[in-house]
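Numbering (our numbering), first residue to last: 23 to 422.
These notes concern the structure reproduced below.
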């Protein structure tokens with residue numbers, strides 16, 4: 023199931039991805055289903071993808087709002103009803119949750135000078151809105167009662183958090199409709215291999231495949247992925263995820279591209295991984311405020327994403343470890359590094375990248391907002407923050 027929210031400046035890339043899928047198409051063992059909201063065509067269409075597009079089943083839905091979670095839920099329900107399967111993968115195709123704080127800041131200023139609605143802004147300010155998965159994310163921010171609270175939410179990472187909350191609700195619905203846990207959640211979108219996202223999805227999904235960094239417009243190499251599936255439809259689910267990670271970077275290497283990442287997570291390992299983060303947060307709290315300067319130095323020297331709101335877990339910990347002399351704290355740091363070891367039998371079952379900037383990265387990011395920016399008002403609503411209370415407490419003390 024490929025949900026293509028292409029009613030934006032990615033619609034041309036969506037057309038190219040459909041061409042890639044049609045190079046292989048569906049088979050008796052693999053159903054390839056697409057819902058495509060294309061900016062260049064009036065209305066949304068559903069496809070049962072066939073090789074070469076021959077005898078392809080097409081259903082026209084009229085105009086839909088692909089930023090509405092209910093539209094995504096309807097696509098999942100339709101897919102399961104008409105094309106039941108033993109295993110299910112849902113691919114979310116969009117710009118992703120890596121919004122820029124400046125985009126929301128411009129939206130807020132515009133909102134104060136003109137009476138407008140959120141949906142209208144998709145056309146008036148498409149570049150500012152392009153970074154969120156769901157329009158409800160924008161609505162929740164801009165409809166806050168207090169202007170000062172709205173400003174906080176605009177600048178501090180709440181767009182990413184709210185997208186994650188909406189996504190969790192959709193995945194819960196998918197599990198209910200399918201009658202089983204979703205086998206793979208793939209995100210052909212930017213900046214989504216994030217631990218908070220993984221935690222939110224864990225009750226409803228077995229594996230996640232996503233990028234820690236921004237993705238090029240070409241996105242996933244669908245022809246190579248479907249070719250792999252068609253030749254070996256019985257391949258184990260974790261092996262599918264690892265192959266997607268592998269062919270993703272191999273394809274971009276052939277094209278002479280760099281600065282791309284892709285990771286696969288085993289969500290059955292989320293509980294153990296969370297324990298390591300909980301221990302680290304508690305150890306950092308115990309050493310505050312003395313450890314704060316070293317935390318800031320570690321952030322300055324490690325890889326960040328999403329305009330300095332998300333940090334690669336392993337890279338931050340490795341740098342911090344070199345700055346810390348305390349044995350107990352270093353033990354907690356090393357435990358996190360072990361749990362986030364890439365290409366292991368732990369949480370990160372596959373990671374691949376191109377570009378020297380990612381050599382120390384594990385492929386998973388976490389919210390680690392620097393002290394100069396406020397902690398998101400919405401962060402506490404995430405399941406990770408609710409169940410690993412020491413992490414948001416550590417963030418708050420880091421800022422205090």
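In this text, a Cβ means the ideal position worked out from N, Cα and C, and glycines have one as well.
Only a predicted model underlies this, so the values are computations on that prediction, with no experimental measurement involved.
Within its own chain, the residues whose Cβ lies closer than 6 angstroms to the Cβ of residue 101, once the five positions on either side in sequence are excluded, are 23, 55, listed in chain order. Secondary structure of residue 422 (DSSP, three-state): coil. DSSP places residue 327 within a strand segment (E or B) once states are collapsed to three. Comparing alpha carbon positions, the residue from 253, 385, 70 closest to residue 234 is 385. The C-beta separation of residue 229 from residue 206 comes to about 5 angstroms, placing the pair in contact by the 8 angstroms criterion.
Per the C-alpha coordinates, the member of 351, 378, 313 positioned closest to residue 283 is 378.
Using a Cβ-Cβ distance cut-off of 8 angstroms, the region 329 to 344 and the region 235 to 254 are not in contact, since fewer than three pairs of beta carbons, one from each stretch, lie closer than that value.
In its chain, beyond the 5 residues on either side, 320, 324 have a beta carbon closer than 6 angstroms to the beta carbon of residue 338. For residue 285, there is no enclosing alpha helix (DSSP H); the enclosing beta strand (DSSP E) has its first and last residue at 282 to 288. If you compare the alpha carbons of 256, 406, 214, 411 with that of residue 307, the shortest gap goes to 411.
DSSP, read as helix, strand or coil, puts residue 217 in helix. Contact between residue 218 and residue 389 holds: their C-beta atoms lie close to 6 angstroms from each other, under 8 angstroms. About 4 angstroms separates the CB atoms of residue 345 and residue 316; that is less than 8 angstroms, so the two are in contact. Two segments are said to touch when three or more pairs of C-beta atoms, one from each, lie closer than 8 angstroms; by this definition the region 357 to 367 does not touch the region 400 to 414. Per DSSP, the beta bridge partners of residue 68 are 57, 81.
Counting along the chain, the unbroken beta strand (DSSP E) around residue 227 starts and ends at 227 to 232. Secondary structure of residue 208 (DSSP, three-state): strand. Its Cα nearest to that of residue 232, the residue 270 stands out among 300, 39, 270. Within a 10 Å sphere around the beta-carbon of residue 34 sit fewer than 16 other beta-carbons, which makes this residue exposed.
Under the DSSP definition of a beta bridge, residue 390 lacks any partner.
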